[in-house]
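Residue numbers (full-length UniProt numbering): 1 to 311. Yeah, the Cβ is synthetic: ideal placement off N, Cα and C, and Gly gets one too.
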């Protein structure tokens, strides 16, 4: 096939109707066709690459959003556990430990009604739609956890304030009772001079305790003032008891000596005459019979015997 095609034109004048048509050769723009084809292919490739890149970007963005939501959920979960640990001592309180029992009821309701849901996971093998769904779920649960944390914080603060109010009331009552007891002992020992120094110290401590009761709001200061006052009150009471027991202990030996009989002691003789010692008796020797003649008479056989018949 030649580069041009022969075509017949129908434009002719009346004089030339008999002449044969003239063939015109037209060149085909192969370069333009090839360029258009290449451009189309390149556009398709670029569009495909753009779509794939966009999908990958959307997947990466969904994965990042999901991971960020999961990290926030883990952080809020740790904060919830820490707040729950702080609230556990308050949950163990009774109605007598606080001034407002309703504060404890509210705290228990917040803890019991908040359910800790399972945190969704994020993985690269999940689709973009799945990742976006997990991120949305995590965000919703994070909002619920934030609300629960705020409610738990408020309930914990209310319970702590109620507990502090009760402790403050108890400390003031303790100091008030200590002052009343000390004043009673101080007045009863006004005429007692055995423990005057301790009584003066108790009076000074009474003034300090009264001032603390009306001005102090610190629980430790109130308890310390009550303990110090009770210590001096007990010291004065012990001093008075010792002073009262001392005279009784001193009179007990004299009473005991009067009740016991006095032993009679033998007084030595004042006479200068000493008894004459008795000389021991000297034994006399028994008389020995004379060998020549007996010293007694031999009775005759005719006279009756003077000895008894039997010994």
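- In this structure, the alpha-carbon of residue 103 lies about 53 Å from that of residue 56.
- The continuous alpha helix (DSSP H) containing residue 150 extends over residues 128-188.
- With respect to residue 174, residue 226 sits close: the two C-beta atoms are nearer than 7 Å.
- In this structure, residue 155 lies near residue 106, with their beta-carbon atoms less than 7 Å apart.
- Its Cα nearest to that of residue 240, the residue 198 stands out among 53, 203, 207 and 198.
- Straight across, the Cα-Cα distance linking residue 119 with residue 159 is about 30 Å.
- Cβ contact annotation for residue 137 (same chain, cutoff 6 Å, sequence separation greater than five): 120, in chain order.
- Between residue 185 and residue 145, the C-beta gap is not smaller than 7 Å, which leaves the two residues out of contact.
- About 5 Å separates the Cβ atoms of residue 162 and residue 99, confirming a contact at the 8 Å cut-off.
- The beta-carbon separation of residue 230 and residue 171, rounded to 13 Å, does not stay under the 8 Å limit for a contact.
- Between the alpha carbons of residue 108 and residue 91 lies a gap of roughly 7 Å.
- Boundaries of the alpha helix (DSSP H) around residue 31: 30-91.
- Setting aside the 5 residues that flank it on each side, residue 196 has no residue in the same chain whose C-beta is closer than 6 Å to its C-beta.
- In this structure, residue 73 keeps its C-beta atom at 7 Å or more from the C-beta atom of residue 134.
- Per DSSP, residue 123 is not a residue of any alpha helix (DSSP H), being assigned neither H nor E.
- When the Cα atoms are used, residue 42 and residue 27 turn out to be separated by approximately 26 Å.
- If you look at residue 203, you'll find it in the alpha helix (DSSP H) that goes 196-215.
- Secondary structure of residue 223 (DSSP, three-state): helix.
- By the CB criterion at 7 Å, residue 139 and residue 69 fall inside the cutoff.
- Counting the other CB atoms within 10 Å of its CB gives residue 242 a total below 16, which places it among the exposed residues.
- Counting along the chain, residue 103 sits inside the alpha helix (DSSP H) bounded by residues 101-113.
- Each of 30, 110, 46 and 132 was checked against the Cα of residue 66, and the nearest Cα belongs to 132.
- Across the set 31, 150 and 127, the C-alpha of 150 shows the shortest separation from the C-alpha of residue 111.
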